[in-house]
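S.K.: Please read through the structure below; I'll follow up with questions.
4 protein chains.
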Amino acid sequence: MKVIADLTLVPIGAGVSLSPYVAACEKVLRSAGLKVQFHANGTNLEGDWDAVFAAVKRCHETVHGMGAPRIFTVLKIGTRTDRDQSMEEKISSVEKRLGKDLTGRLGRE
Amino acid sequence: MKVIADLTLVPIGAGVSLSPYVAACEKVLRSAGLKVQFHANGTNLEGDWDAVFAAVKRCHETVHGMGAPRIFTVLKIGTRTDRDQSMEEKISSVEKRLGKDLTGRLGRE
Amino acid sequence: MKVIADLTLVPIGAGVSLSPYVAACEKVLRSAGLKVQFHANGTNLEGDWDAVFAAVKRCHETVHGMGAPRIFTVLKIGTRTDRDQSMEEKISSVEKRLGKDLTGRLGRE
Amino acid sequence: MKVIADLTLVPIGAGVSLSPYVAACEKVLRSAGLKVQFHANGTNLEGDWDAVFAAVKRCHETVHGMGAPRIFTVLKIGTRTDRDQSMEEKISSVEKRLGKDLTGRLGRE
Numbered sequence: 001m002k003v004i005a006d007l008t009l010v011p012i013g014a015g016v017s018l019s020p021y022v023a024a025c026e027k028v029l030r031s032a033g034l035k036v037q038f039h040a041n042g043t044n045l046e047g048d049w050d051a052v053f054a055a056v057k058r059c060h061e062t063v064h065g066m067g068a069p070r071i072f073t074v075l076k077i078g079t080r081t082d083r084d085q086s087m088e089e090k091i092s093s094v095e096k097r098l099g100k101d102l103t104g105r106l107g108r109e
Numbered sequence: 110m111k112v113i114a115d116l117t118l119v120p121i122g123a124g125v126s127l128s129p130y131v132a133a134c135e136k137v138l139r140s141a142g143l144k145v146q147f148h149a150n151g152t153n154l155e156g157d158w159d160a161v162f163a164a165v166k167r168c169h170e171t172v173h174g175m176g177a178p179r180i181f182t183v184l185k186i187g188t189r190t191d192r193d194q195s196m197e198e199k200i201s202s203v204e205k206r207l208g209k210d211l212t213g214r215l216g217r218e
Numbered sequence: 219m220k221v222i223a224d225l226t227l228v229p230i231g232a233g234v235s236l237s238p239y240v241a242a243c244e245k246v247l248r249s250a251g252l253k254v255q256f257h258a259n260g261t262n263l264e265g266d267w268d269a270v271f272a273a274v275k276r277c278h279e280t281v282h283g284m285g286a287p288r289i290f291t292v293l294k295i296g297t298r299t300d301r302d303q304s305m306e307e308k309i310s311s312v313e314k315r316l317g318k319d320l321t322g323r324l325g326r327e
Numbered sequence: 328m329k330v331i332a333d334l335t336l337v338p339i340g341a342g343v344s345l346s347p348y349v350a351a352c353e354k355v356l357r358s359a360g361l362k363v364q365f366h367a368n369g370t371n372l373e374g375d376w377d378a379v380f381a382a383v384k385r386c387h388e389t390v391h392g393m394g395a396p397r398i399f400t401v402l403k404i405g406t407r408t409d410r411d412q413s414m415e416e417k418i419s420s421v422e423k424r425l426g427k428d429l430t431g432r433l434g435r436e
C-alpha cells in the first residue's frame, strides 16, 4: 500500500531551537529511499507504507538519541485504491484548475 | 518504544456518513491488544510502537476493503524516554492542577 | 457556523512538563462558554466558529504570557451544513453500530 | 500575534476528487493578503493571527457554498514571542545545518 504523508516532529524539553533535531530527522528520511519534500511546517513523504513508517520510527529513535526526552509528532496520511497518484500529480491537479504554478516560493496575489 | 497516539481516519469518496467506517476501524483497534479510548474527534491509543502502527495499517486496509477509495488520516504521536507515562496519568496530571475531574461528559463552567 | 474541534497545544522551550500550560489553557476554554471534553491527547470543543477560535487565540496568549517562548498547536476542525450534530451524537452514532459504550475509561477487548 | 500555519481542508460527501475545492480555497487564501505556499499535503500560511483565521473561515464557507456538506480540516499553528521568524527562515535554518537546498522538487538521496 502506497502512502503520501506529511510529518511534523516536535522535540519537547529540548530547548527552543528545533533545527538540529529537524535536520537529523531529515537525514533519516532522505536515506530511507522515500520521495521527500521539505516545507515550512513539515516534510512530505511518498513511498510504501512500511518504508514510510519505518523511517518515522527511526526519526523518533534518532531524536531521542540526541537527548530530546519527549517528542510530539503529527502525521497526515493519505492512501487511495482507485488509482495511483504521486505528490507531483496532487499539486498539478490543483495548478491546472488555477492556471498557475503554485509552488513558487511564497506567492501572494 | 511505547506510544500514546490519537487517530482520526476520514474516508473520502464514501458519502457523508462515516460511522460505518469508524466503527469498523474501532473494532480493529480494540482487537489489537491496545489501550483504546474513543472520543468525539478520534481514538486515543496506547501501546508498543509496532503494535499501534500495525493496527493503524489494518484500519486503512479494512476501510479500503469496505469500498472507500480514498482515506485521509491524522495521527498525533507522543513518545518519551524520561519516564513511563500512561494516558490516565496524562489526564490526572492536569486534573490535579485544576482540582477537578475533566473527563466527565462535556463539562461547561 | 458551528464547529466541532480538537485542540492540542504544545509549548516549546518551556521544559518537559507541559501540564501547567495545558491546565491554564483548559481554564480558558472552560470559561469561554464552549462545550469542552478533555482527553489524553487534546481537548474537544463544540461551539460557534468565532467563539471557538477566540478561545484558541486566548490559549496562545495565556501560554505565551506564562513564559513559553514558542507554541505548536494542532487543530482538527469539523463543520457540516447537511444537519446539526453534537459531539455526543458523533460518539453515539458509532456506539450504536458496535452495540457498546465506547467512552468507558480505556477499554481493551 | 503572527502565525505560521499549515492548512489541509478535506471536503466530505463531495466525491473522490477534491481538487475543485482545494483550488477554490487556494484562491481565497491568495486573495487574503497572506504569504501562501502550496504543497502536496496542504498550504502553508504566514500572517497576522486574525487574517489567517478569517481566511480559514472563508475557505470553509466557500467550500460549503460549492456543495460540500461536510468538511474536515487540520491546522498546524506556530507562534513565538522570542523572535520574529518567517517561513523562509524556518526552511533555511534546517538547510544550513544540512548544507543543501531542501525544497527542490522531491529530493531523494
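Order-wise, the sequence lines are chains A, B, C and D. Following our numbering, the numbering of the first sequence begins with 1 at its first residue and continues without gaps. Following our numbering, the numbering of the second sequence begins with 110 at its first residue and continues without gaps. Following our numbering, the numbering of the third sequence begins with 219 at its first residue and continues without gaps. Following our numbering, the numbering of the fourth sequence begins with 328 at its first residue and continues without gaps. Yeah, the Cβ is synthetic: ideal placement off N, Cα and C, and Gly gets one too.
State yes or no: is the beta carbon of proline 396(D) nearer than 8 Å to at least one beta carbon in chain C?
M.R.: Indexing the fourth sequence from 1 puts residue 396(D) at position 69. Interface residue, yes.
S.K.: Can the beta-carbon of valine 228(C) be found closer than 8 Å to that of phenylalanine 38(A)?
M.R.: The residue you call residue 228(C) lines up with position 10 of the third sequence. The residue you call residue 38(A) lines up with position 38 of the first sequence. No.
S.K.: Pull the bridge partners of asparagine 44(A) from the DSSP assignment, please.
M.R.: If you number the first sequence from 1, residue 44(A) lands on position 44. Note: asparagine 44(A) sits in a beta bridge opposite Asp6(A) and Gln37(A).
S.K.: Whose CA, out of Lys318(C), Asp319(C), Ser304(C) and Thr297(C), lies closest to the CA of glycine 340(D)?
M.R.: As a first step, residue 340(D) is located in the fourth sequence; it is residue number 13 there, counting from the start. Of the listed residues, the one whose Cα sits closest to glycine 340(D) is Thr297(C).
S.K.: Can you tell me the Cβ-Cβ gap for alanine 5(A) and valine 52(A), rounded? I've got them flagged as a contact below 8 Å.
M.R.: For the purposes of this step, residue 5(A) is identified with residue 5 of the first sequence, where counting begins at 1. For the purposes of this step, residue 52(A) is identified with residue 52 of the first sequence, where counting begins at 1. The Cβ separation is near 6 Å, so the contact holds.
S.K.: Say whether chain D places a C-beta atom closer than 8 Å to the C-beta of lysine 57(A).
M.R.: What you label residue 57(A) is simply residue 57 of the first sequence in a count that begins at 1. It does not; no Cβ of chain D falls within 8 Å.
S.K.: Which residue from Glu46(A), Cys25(A) and Ala23(A) puts its Cα closest to that of glycine 33(A)?
M.R.: Against the first sequence, residue 33(A) aligns to sequence position 33. Considering only alpha carbons, the answer is Glu46(A).
S.K.: Within the 8 Å Cβ cut-off, does isoleucine 12(A) reach chain C?
M.R.: Stepping through the first sequence from its first residue, residue 12(A) is reached at position 12. It does; some Cβ of chain C falls within 8 Å.
S.K.: Can you pull the DSSP bridge partners for proline 178(B)?
M.R.: Position 69 of the second sequence, counting from 1, holds the residue named residue 178(B). Bridge partners of proline 178(B): none, in fact.
S.K.: Leaving aside the five residues before and after glutamate 135(B) along the sequence, list all residues of the same chain whose C-beta is less than 8 Å from its C-beta, in chain order.
M.R.: Indexing the second sequence from 1 puts residue 135(B) at position 26. Around glutamate 135(B): Val145, Phe147 and Thr152.
S.K.: Counting along the chain, where does the alpha helix (DSSP H) carrying serine 311(C) start and finish?
M.R.: The sequence position of residue 311(C) within the third sequence is 93, counting from 1. Looking at the DSSP string, the run of the alpha helix (DSSP H) that includes serine 311(C) is 305 to 316.
S.K.: Hey, quick one: how far does the alpha helix (DSSP H) through leucine 29(A) stretch, first residue to last?
M.R.: In the first sequence, residue 29(A) corresponds to position 29, counting from 1. Counting along the chain, the alpha helix (DSSP H) containing leucine 29(A) begins and ends at 19 to 30.
S.K.: Do valine 22(A) and arginine 58(A) have their beta-carbon atoms positioned less than 8 Å apart in this structure?
M.R.: As a working mapping, residue 58(A) is identified with position 58 in the first sequence. As a working mapping, residue 22(A) is identified with position 22 in the first sequence. Not closer than 8 Å, so no.
S.K.: What separation, rounded to the nearest whole angstrom, lies between the Cα atoms of glycine 394(D) and serine 86(A)?
M.R.: The residue you call residue 394(D) lines up with position 67 of the fourth sequence. The residue you call residue 86(A) lines up with position 86 of the first sequence. Cα to Cα, glycine 394(D) sits roughly 27 Å from serine 86(A).
S.K.: Run through DSSP, which three-state label would threonine 190(B) get?
M.R.: As a position in the second sequence, residue 190(B) is number 81, starting the count at 1. Looking at threonine 190(B) - three-state DSSP - the assignment turns out to be coil, as it is neither helix nor strand.
S.K.: Run through DSSP, which three-state label would valine 16(A) get?
M.R.: Looking up residue 16(A) in the first sequence gives position 16. In this structure, valine 16(A) counts as coil in the three-state DSSP scheme.
S.K.: Run down chain D in chain order and give the residues with a C-beta less than 7 Å from the C-beta of phenylalanine 181(B).
M.R.: The residue labelled residue 181(B) in the question sits at position 72 within the second sequence. What phenylalanine 181(B) touches in chain D: Val337.
S.K.: Going by other Cβ atoms of all chains shown within 10 Å of its Cβ, with 16 needed for buried, is lysine 314(C) buried or exposed?
M.R.: The residue given as residue 314(C) occupies position 96 in the third sequence. Counting Cβ neighbours within 10 Å, lysine 314(C) comes out exposed, since fewer than 16 surround it.
S.K.: Report, in whole angstroms, the separation of the C-beta atoms of leucine 402(D) and valine 390(D), which I expect to be a contact under 8 Å.
M.R.: If you number the fourth sequence from 1, residue 402(D) lands on position 75. If you number the fourth sequence from 1, residue 390(D) lands on position 63. Going by Cβ atoms, the distance from leucine 402(D) to valine 390(D) rounds to 14 Å, so no, they are not a contact pair.
S.K.: Excluding the 5 residues flanking serine 311(C) on each side, which residues of the same chain have their C-beta closer than 7 Å to its C-beta?
M.R.: Working through the third sequence from its first residue, we reach residue 311(C) at position 93. Result list for serine 311(C): empty, nothing under 7 Å.
S.K.: Quick check: what's the CA-CA separation for leucine 102(A) versus asparagine 368(D)?
M.R.: If you number the first sequence from 1, residue 102(A) lands on position 102. If you number the fourth sequence from 1, residue 368(D) lands on position 41. Roughly 13 Å between the two C-alpha positions.
S.K.: If you drop the 5 nearest sequence neighbours on each side, which residues of the same chain put their C-beta closer than 7 Å to that of glycine 335(D)?
M.R.: Against the fourth sequence, residue 335(D) aligns to sequence position 8. Note on identity: in this sequence residue 335(D) is threonine, with glycine being the wrong assignment. Counting only Cβ-Cβ distances below 7 Å, and skipping sequence neighbours, we find Asn368, Gly369, Thr400 and Val401.
S.K.: Below 9 Å on C-beta distance, what does glycine 260(C) contact in chain D?
M.R.: Within the third sequence, the letter at position 42 stands for residue 260(C). Correct list: empty, because the minimum Cβ distance to chain D is about 12 Å.
S.K.: Using a Cβ cut-off of 7 Å, pull out every chain E residue sitting near threonine 406(D), in sequence order please.
M.R.: Although the question refers to chain E, the structure presented lacks it and instead comprises the protein chains A, B, C and D.
S.K.: Excluding the 5 residues preceding and the 5 following proline 129(B) in the sequence, name in chain order all residues of the same chain whose CB lies nearer than 8 Å to its CB.
M.R.: Stepping through the second sequence from its first residue, residue 129(B) is reached at position 20. Taken in chain order, the residues that qualify are Met175.
S.K.: Determine the direct distance from the alpha carbon of arginine 288(C) to that of lysine 427(D), and round the result to whole angstroms.
M.R.: Counting from one through the fourth sequence, the residue named residue 427(D) turns up at place 100. Counting from one through the third sequence, the residue named residue 288(C) turns up at place 70. Near 26 Å, if we compare the C-alpha coordinates of arginine 288(C) and lysine 427(D).
S.K.: When the distance is taken between beta carbons, is aspartate 409(D) closer than 8 Å to valine 16(A)?
M.R.: Numbered from 1 along the first sequence, position 16 holds the residue referred to as residue 16(A). Numbered from 1 along the fourth sequence, position 82 holds the residue referred to as residue 409(D). Yes, they are a contact pair.
S.K.: Would you say methionine 196(B) reaches chain A, if we count a Cβ-Cβ gap shorter than 8 Å as a contact?
M.R.: The residue you call residue 196(B) lines up with position 87 of the second sequence. Cβ-Cβ to chain A under 8 Å: no for methionine 196(B).
S.K.: So, does the CB of valine 379(D) fall closer than 8 Å to a CB anywhere in chain A?
M.R.: Position 52 of the fourth sequence, counting from 1, holds the residue named residue 379(D). It does not: the Cβ of valine 379(D) has no partner Cβ on chain A nearer than 8 Å.
S.K.: In chain order, what residues of the same chain lie with their CB nearer than 8 Å to the CB of leucine 18(A), ignoring the 5 residues before and after it?
M.R.: Within the first sequence, the letter at position 18 stands for residue 18(A). Once the five neighbours on either side are set aside, the close Cβ partners of leucine 18(A) are Val10 and Pro11.
S.K.: Nearest to alanine 24(A) by CA position, among Val3(A), Glu61(A) and Lys90(A), is which residue?
M.R.: Mapped onto the first sequence, residue 24(A) falls at position 24. Per the Cα distances, Glu61(A).
S.K.: Would you please verify whether the beta carbon of methionine 328(D) is less than 8 Å from any beta carbon of chain C?
M.R.: Taking the first residue of the fourth sequence as 1, we reach residue 328(D) at position 1. Answer yes: the Cβ-Cβ gap between methionine 328(D) and chain C drops below 8 Å somewhere.
S.K.: To the nearest angstrom, report how far apart methionine 328(D) and isoleucine 418(D) are at their CA atoms.
M.R.: Start at 1 with the first residue of the fourth sequence, and residue 328(D) comes out as number 1. Start at 1 with the first residue of the fourth sequence, and residue 418(D) comes out as number 91. Roughly 21 Å between the two C-alpha positions.
S.K.: Have a look at tryptophan 49(A) and valine 3(A) and give me their C-alpha separation to the nearest angstrom.
M.R.: Translated into positions along the first sequence, residue 49(A) becomes position 49. Translated into positions along the first sequence, residue 3(A) becomes position 3. Going by the C-alpha atoms only, they are around 6 Å apart.
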